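Q:
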Amino acid sequence: MSCDFTRFAAAGVQTLKPYEPGKSIEELERELGLQQAIKLASNENPLGPSPRAVDAVREHVIHAARYPDGNGSKLKQKLAQRHGVAEACITLGNGSNDILELIARVFLTSDTAAIFSQHAFAVYPIVTQAVGATARVAAANPPDHGMPFGHDLNAMTSMLDDTTRVVFIANPNNPTGTWLTEKSLQSFIKSIPETVLIVVDEAYWDYVREPEYPNAIDWLEQFPNLIVTRTFSKIYGLAGVRLGFGISHPEVANLLNRVRQPFNVNSLAQKAALAALDDEDHVHRSQMVNAKGLRQLAVACSERGLSFIPSVGNFVCIDVGQPAMRVYQLLLQRGIIVRPVENYGFPNHLRVTVGTHEQNRSVIEALDRVLLEA
Ligand SMILES: *Cc1c(COP(=O)(O)O)cnc(C)c1O
Numbered sequence: 592m593s594c595d596f597t598r599f600a601a602a603g604v605q606t607l608k609p610y611e612p613g614k615s616i617e618e619l620e621r622e623l624g625l626q627q628a629i630k631l632a633s634n635e636n637p638l639g640p641s642p643r644a645v646d647a648v649r650e651h652v653i654h655a656a657r658y659p660d661g662n663g664s665k666l667k668q669k670l671a672q673r674h675g676v677a678e679a680c681i682t683l684g685n686g687s688n689d690i691l692e693l694i695a696r697v698f699l700t701s702d703t704a705a706i707f708s709q710h711a712f713a714v715y716p717i718v719t720q721a722v723g724a725t726a727r728v729a730a731a732n733p734p735d736h737g738m739p740f741g742h743d744l745n746a747m748t749s750m751l752d753d754t755t756r757v758v759f760i761a762n763p764n765n766p767t768g769t770w771l772t773e774k775s776l777q778s779f780i781k782s783i784p785e786t787v788l789i790v791v792d793e794a795y796w797d798y799v800r801e802p803e804y805p806n807a808i809d810w811l812e813q814f815p816n817l818i819v820t821r822t823f824s825k826i827y828g829l830a831g832v833r834l835g836f837g838i839s840h841p842e843v844a845n846l847l848n849r850v851r852q853p854f855n856v857n858s859l860a861q862k863a864a865l866a867a868l869d870d871e872d873h874v875h876r877s878q879m880v881n882a883k884g885l886r887q888l889a890v891a892c893s894e895r896g897l898s899f900i901p902s903v904g905n906f907v908c909i910d911v912g913q914p915a916m917r918v919y920q921l922l923l924q925r926g927i928i929v930r931p932v933e934n935y936g937f938p939n940h941l942r943v944t945v946g947t948h949e950q951n952r953s954v955i956e957a958l959d960r961v962l963l964e965a
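Below, the structure written as structure tokens:
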């Protein structure tokens, strides 16, 4: 039976290329009939979630017949306290992707535009196109820049016009791992008209150790057109339970809350997040493992003459000096999953998530073998 519903889909959806997630461990193990594959493809925490979060989920699952607290009151209260903001400033999401999508649904229409950088996080173009808005992509820093491939804020400013409603900035950015200083980002925000919502995506905030790296939450009082997004998917190791949040002016939060699903954050996620916030040791350990792992990968690349984009996140993009898709496939055959980033404009790079010391060593060893073959 034929079906021609594509022509009835919203214009943006007709040509939309869906997000490509990293390959799952289960899928690869099934395909190759092997066990103990290593996945360093989705910037997940190699230490897993806090044991306290695991216990909280286990204890609460017996209440799964009940709907979650649709307002997420306890979690909002805790987050508000932690970040020194009013509860009314917080919007909870089914992952921070949910928040990005809510922003697009509320503020973007077919006669408006969003600005983001070349090589920026793939979800920005997707949510923009899905609602039929125009994406204006600012050229990134050139390869020989001090922050190669990073956001060029002047280029972003130059794309502003009367139709601009949203600017998306990831600090640090994924997949590049590049970042913006307090001074540059703050003066950029100051220069943007108050009618434009500025989204500062801080998914990797807890990993960054640079002294000049800002916490954009500190600026919310100053800029009513700022929204900062954070997630439990990265340092908290809870990517599978889906929880993120936005912090903004209460009026912006109120608008986002009008369109979100009434129960967009499930009850297990809420319990897990509450417990995870109490486990500062786990966050600290995760930061240490990441800092060491970043160094380990950087040293290994330098020793081999492989260039990479200097990253402050929990991942690094390595230039394998040839089409990376082939290297990716050869690594898969050795049970190692990393991320090709051709879709981000990097056909010769692979993005490798920082794993444990052993995982990092395995990926380096496998890369050595594969680059000999390739
Ligand atoms: C991983 C990531 C997120 C987090 O997405 P969730 O929906 O919270 O899992 C957000 N922004 C960027 C730039 C990311 O890399």
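Take 592 as the starting number for the sequence shown in our numbering and just add one per residue.
C-beta: ideal position from N, C-alpha, C; glycine also.
These figures come from a predicted structure and were not determined experimentally.
Nearest-angstrom Cα distance between P659 and F698?
A: Spanning the two alpha carbons is a distance of roughly 27 Å.
Q: Have a look at K608 and A695 and give me their C-alpha separation to the nearest angstrom.
A: Taking the straight line joining both Cα atoms gives about 17 Å.
Q: Count the C-beta pairs between the stretch 709-724 and the stretch 841-854 that are closer than 8 Å, then say yes if the count reaches three, no if not.
A: The stretch 709-724, when compared against the stretch 841-854, does not touch it at the 8 Å Cβ threshold.
Q: For a test of your reading of the model: does the CB of T822 fall under 6 Å from any non-hydrogen atom of ligand 1? Yes or no.
A: True, at least one ligand heavy atom lies under 6 Å from that Cβ.
Q: Which same chain residues, not among the five before or five after V676, have their C-beta less than 6 Å away from its C-beta?
A: If we look at V676 and ignore the five residues flanking it on each side, its Cβ neighbours are I838.
Q: Just checking A761 against ligand 1 - is the residue's beta carbon closer than 6 Å to any of the ligand's heavy atoms?
A: Correct: A761 has its Cβ closer than 6 Å to ligand 1.
Q: Which runs of the alpha helix (DSSP H) spanning at least 4 residues fall entirely within the stretch 603-644, listed in chain order?
A: For the stretch 603-644, whole alpha helix (DSSP H) runs of length 4 or above, ordered along the chain, are 616-623.
Q: Considering only DSSP beta bridges, list what D910 is partnered with.
A: Answer by DSSP bridge pairing, in chain order: H940.
Q: Under the DSSP definition of a beta bridge, which residues are partnered with L683?
A: Bridge partners of L683: F836.
Q: Quick test of the definition: if touching needs 3 or more C-beta pairs under 8 Å, does the stretch 746-753 touch the stretch 717-725?
A: No, because fewer than three Cβ pairs between the stretch 746-753 and the stretch 717-725 fall closer than 8 Å, the two stretches do not touch.
Q: Closer than 7 Å by C-beta to K825: which residues in its own chain qualify, once you throw out the five before and the five after it? Chain order, please.
A: Only N634, N636, A794, Y795 and N905 meet the Cβ criterion.
Q: Using a threshold of 6 Å, is the CB atom of F854 nearer than that to any non-hydrogen atom of ligand 1?
A: It does not: the Cβ of F854 is nowhere closer than 6 Å to a heavy atom of ligand 1.
Q: What does the alpha-carbon distance come out to for the pair Y804 and M916?
A: Straight-line Cα distance between these residues: approximately 33 Å.
Q: Could you check whether the Cβ of G835 sits closer than 6 Å to any heavy atom belonging to ligand 1?
A: Yes - ligand 1 has a heavy atom lying nearer than 6 Å to the Cβ of G835.
Q: Using only the heavy atoms of ligand 1, determine whether one of them is closer than 6 Å to the beta carbon of S687.
A: Indeed, a heavy atom of ligand 1 lies less than 6 Å from the Cβ.
Q: Can you tell me whether C594 is buried or exposed, with buried defined as 16 or more other CB within 10 angstroms of its CB?
A: Exposed, by the Cβ-count rule.
Q: What is the C-beta distance between L865 and A647, in whole angstroms, given that I count them as a contact (C-beta under 8 Å)?
A: Sure, about 7 Å apart at Cβ, within 8 Å.
Q: Distance, Cα to Cα, L619 vs A632?
A: One C-alpha to the other measures close to 12 Å.
Q: Within 6 Å: the Cβ of F712 and any heavy atom of ligand 1?
A: Yes - ligand 1 has a heavy atom lying nearer than 6 Å to the Cβ of F712.
Q: Check for me: the alpha helix (DSSP H) holding L788 runs from which residue to which?
A: Note, L788: premise wrong, no alpha helix (DSSP H); beta strand (DSSP E) at L788 to D792.
Q: Quick one: is the Cβ of N934 within less than 6 Å of any heavy atom of ligand 1?
A: The answer is no for N934.
Q: Kindly examine ligand 1 and report whether one of its heavy atoms sits closer than 6 Å to the Cβ of A794.
A: Yes, the beta carbon of A794 sits closer than 6 Å to at least one heavy atom of ligand 1.
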